[in-house]
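With our numbering applied, the sequence shown covers 109 to 230.
Even for Gly, the Cβ is constructed at its ideal location relative to N, Cα and C.
Below you'll find the structure, written out as C-alpha cells, and then a few comments.
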Amino acid sequence: MKKQLLDHIRRMERELAAIESSPCENRHPGHLRALLAYHLAQTQAFQHERLIHLLVTLFFAMLLLAAAIGAIFLPTWQMLAVTIILTLTEICYLRHYYVLENNTQKLYPLTQRLHALQSGER
C-alpha cells in the first residue's frame, strides 16, 4: 500500500508540474477533469484503506490490553506469549497506519493544486 500511495503522489507531482509549466491556452480542460477525477478516486481509496487499518489497529489494541490484563492476573507462559505476539502485531499495525496517515495527508495539497488549475488560478 505504501508503494502504491507513493507512486500515486509521484505521478500526480509529475502531471501537475507538466500542466503548470505549460501556457494556460495549451491546457486541455478535459485532461484536467480526468486527472482530478482519477486523483479523487485514488484519494478516496487510500482514505478507505486508512479507516480500515485504524479500526484493525484499535481492535488489536483492545486485544492487547485484554491479554496484558490477563497476563497480570494469570501469569503463565502462554499468556505472556499471547501478549508478546499481540504487542508485535500491534507495533506492525501502528507503523503501517502511521505511513498511511502521513502519506494520505500529502494528497490534500495535490487536490488543492488541481482545483486551482481547473478554476484557472495560477
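Item, Value
"Cβ distance (whole Å) where His51 is taken to contact Met120 below 8 angstroms", "Outside the displayed span of the chain (109 to 230) sits residue 51, for which this structure offers no information."
"Reduced DSSP category for Thr191 - H, G, I as helix; E, B as strand; rest coil", "helix"
"Whole-angstrom C-beta distance between Thr191 and Ala87, which should lie under 8 angstroms", "Residue 87 is absent from the model: the chain starts at 109 and stops at 230."
"Alpha-carbon to alpha-carbon, Ile193 and Gly138", "52 angstroms"
"Assigned secondary structure, Met109 (DSSP; H/G/I helix, E/B strand, else coil)", "coil"
"Element boundaries [alpha helix (DSSP H), containing His223]", "Leu215 to Gln226"
"Buried or exposed (CB count within 10 angstroms, at least 16 for buried), Ile180", "exposed"
"Cβ-Cβ distance between Phe154 and Thr212 below 8 angstroms", "yes"
"Contact check, Phe168 vs Tyr201, beta carbons under 8 angstroms", "yes"
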